[in-house]
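Residue numbers in the sequence shown follow my numbering, run continuously in steps of one, and reach 414 at the last position.
To start, the structure under review is shown below, and the notes come after it.
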Amino acid sequence: MTPTADPAALLGGYWQGEHLADPPGYLDRVRAASPVLYDPGVGFALLTGHPEVSAALKSPHVRTGKYEGDAAFHTTASYALMSPMMLFHDGASHTRLRSLAQRAFTPRVLEESREFITGLTDELLDGAVRRATENGGEVDAVATLAVPLPVTVIVQMLGLSGTDADRFKLWAGSVADLLGGLNVTPERWAQVEADAAAMRAYFRTLADDLRAHPQPGLLSALAAAEDEGGRLSGDELLANAVLLLVAGHETTSNLISGSLHALHEWPEQRAWLAGDPQGRAANAVEELLRFLAPVQSTGRFTTAPLTLGGVELPAGLHLSVSLTGANRDPRVYENPHTLDLARENARTHLAFAAGAHYCLGASLARMEASVFLTRFLGRFPEYGVPEQSLTYLPNFTLRALRELHLRL
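Written as structure tokens, this is what we have:
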């Protein structure tokens, strides 16, 4: 540990959101102090090193813990919605929930979705051109491209109604605040609670309809599974339907918008990718995932005393596991703050986490981003980004641009 490092101050700054203005810079300071920064007086450890993060995510002595909060929180619609999610389960319970959802992401299903994703991308690009023509040559890539593509794809895969897409996006924002919102006002929490109740009512009605009248899509299959020996409770079905809906588009939206901004900031990398987008997109997406880390961090708890990176951690300790920090670790990545789309070890990133909770939709996200960049750069290899003040969602978990204006 460096002599000038103050673990308590660094960790305290994390909970105050100090890292959100410049995540890589803040996490570099933490990692320089220790890749596993722990101060008993603060009561949690922050992991920023790649090998340490990987080890923690794969350790049998580290668990996700439960979505708890205080006793009063247990009476809320938000708790009822979130606590049954597979995200907060381990062991046999997690395996059971995950195995049922896995059927939506098999290689066959994904490959069958490629044509739909390609056609949808082209439609959205056509629409972006029209929108830019109507608005002086500029278009908001977040609202016009980055959000509609993945939300439409996951809605189709789940078998939901596309007419409710706008409602789903608003609900996704509420789930994002539940997962890691910073300084959320009482008024906003009241809206989040109302949205949680609305989500539960919507999906409960939908589940009843699907059991009575099965339809194509994963949710119909999950609803049927609930009746086959009680493998899914009603609350589990509702919670994990919401999780699949939100996780299936929120992070991919952030990856797409972040990629467009990053490629503008690194024009030589954009030119390299535009030179052969179809042949180079796969590795480019891996490097963009490493560089951007659309999911910034994840939470874990130790279930037994554990030594990580030479630091002894007690049982029952909360771990804030920084995927952004791991992906910028100079011990693993040469010039980690440089975007290098041809980076040979880009795929070793931890943007999708690792271990039992490795992202269920990782292959879908890769496909969507690869198809999008191939089609987008094929049409707009020299797109512009006018000078603008970029703002991000104030969230510990997600790194999301609110808007990104482009000139096509």
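In this text, a Cβ means the ideal position worked out from N, Cα and C, and glycines have one as well.
Under 8 Å between the Cβ atoms of residue i and residue j?
| i | j | result |
| --- | --- | --- |
| T158 | F378 | no |
| G165 | A253 | no |
| V153 | S265 | no |
| A406 | L412 | no |
| P90 | A231 | no |
| R102 | L224 | no |
| L414 | A134 | yes |
| H355 | E292 | yes |
| F50 | L17 | yes |
| S263 | L410 | yes |
| P30 | H343 | yes |
| P320 | T380 | no |
| L212 | S84 | no |
| L279 | L347 | yes |
| H80 | M92 | no |
| A171 | F209 | no |
| A207 | R217 | no |
| G187 | N401 | yes |
| V327 | L155 | no |
| V68 | T308 | yes |
| S369 | F111 | yes |
| I417 | E374 | Residue 417 is absent from the model: the chain starts at 7 and stops at 414. |
| A202 | S180 | yes |
| L238 | I160 | no |
Whole angstroms are fine: how far does the CA of residue j sit from the CA of residue i?
| i | j | result |
| --- | --- | --- |
| G305 | T70 | 6 Å |
| P300 | A357 | 7 Å |
| F297 | N341 | 11 Å |
| Y32 | S167 | 42 Å |
| G316 | L43 | 11 Å |
| L383 | T313 | 46 Å |
| L61 | G361 | The question names Leu, yet the displayed sequence has Ala at residue 61. If you take the alpha carbons of A61 and G361, they lie about 9 Å apart. |
| Q275 | L269 | 7 Å |
| E271 | Q302 | 20 Å |
| L404 | A371 | 15 Å |
| M7 | G23 | Here M7 scores only 41 on pLDDT, less than 50, and its place in the model should not be relied on; the value that follows carries that caveat. Cα to Cα, M7 sits roughly 23 Å from G23. |
| T139 | D45 | 55 Å |
| L2 | L151 | The structure shown does not extend to residue 2, since the chain is modelled only from 7 through 414, so no value can be given for it. |
| V115 | Q162 | 12 Å |
| A147 | A310 | 46 Å |
| R194 | A277 | 42 Å |
| E121 | P13 | 51 Å |
| L243 | A86 | 12 Å |
| P9 | R408 | For P9, the predicted structure reports a pLDDT of 41, less than 50, and the residue's modelled location is therefore unreliable. The matter cannot be settled from this model. |
| A98 | A38 | 38 Å |
| A182 | R337 | 31 Å |
| A227 | A107 | 9 Å |
| L261 | S376 | 11 Å |
| E117 | A359 | 23 Å |
| R385 | V145 | 15 Å |
| D28 | D34 | 10 Å |
What are the boundary residues of the alpha helix (DSSP H) that residue i is part of?
| i | result |
| --- | --- |
| G31 | P29 to A39 |
| H56 | H56 to K64 |
| R286 | P283 to L298 |
| D411 | The sequence given here places His at residue 411; Asp does not occur at that position. It is not in any alpha helix (DSSP H) - H411 instead sits in the beta strand (DSSP E) that spans H411 to R413. |
| F122 | P113 to E140 |
| S84 | A83 to M88 |
| L314 | Per DSSP, L314 belongs to no alpha helix (DSSP H); it is in the beta strand (DSSP E), L312 to L314. |
| M373 | A368 to R385 |
| D241 | G240 to A253 |
| S105 | G97 to A107 |
| P156 | P154 to L164 |
| G186 | A171 to G186 |
| V198 | P192 to A218 |
| T403 | Where T403 is concerned, there is no enclosing alpha helix (DSSP H), given that its DSSP letter is neither H nor E. |
| E271 | E256 to E271 |
At what residues does the beta strand (DSSP E) containing residue i begin and finish?
| i | result |
| --- | --- |
| T308 | S303 to T308 |
| G43 | Here residue 43 turns out to be Leu, not Gly, going by the sequence shown. Start and end: V42 to D45. |
| D12 | No beta strand (DSSP E) contains D12, which DSSP labels as neither H nor E. |
| V145 | E144 to D146 |
| E318 | V317 to L319 |
| A51 | F50 to L53 |
| H324 | H324 to S328 |
query: Okay, do the stretch 330-337 and the stretch 55-63 touch, 3+ Cβ pairs below 8 Å being the bar?
result: The stretch 330-337 vs the stretch 55-63: in contact.
message: Could you check whether the stretch 279-297 touches the stretch 392-403, counting it as contact only if at least three pairs of C-beta atoms, one from each stretch, sit closer than 8 Å?
response: No: fewer than three Cβ pairs fall under 8 Å.
- prompt: Below 8 Å, can you find three or more Cβ-Cβ pairs linking the stretch 173-182 to the stretch 215-229?
  reply: The stretch 173-182 makes no contact with the stretch 215-229: fewer than 3 CB pairs, one atom from each, lie closer than 8 Å.
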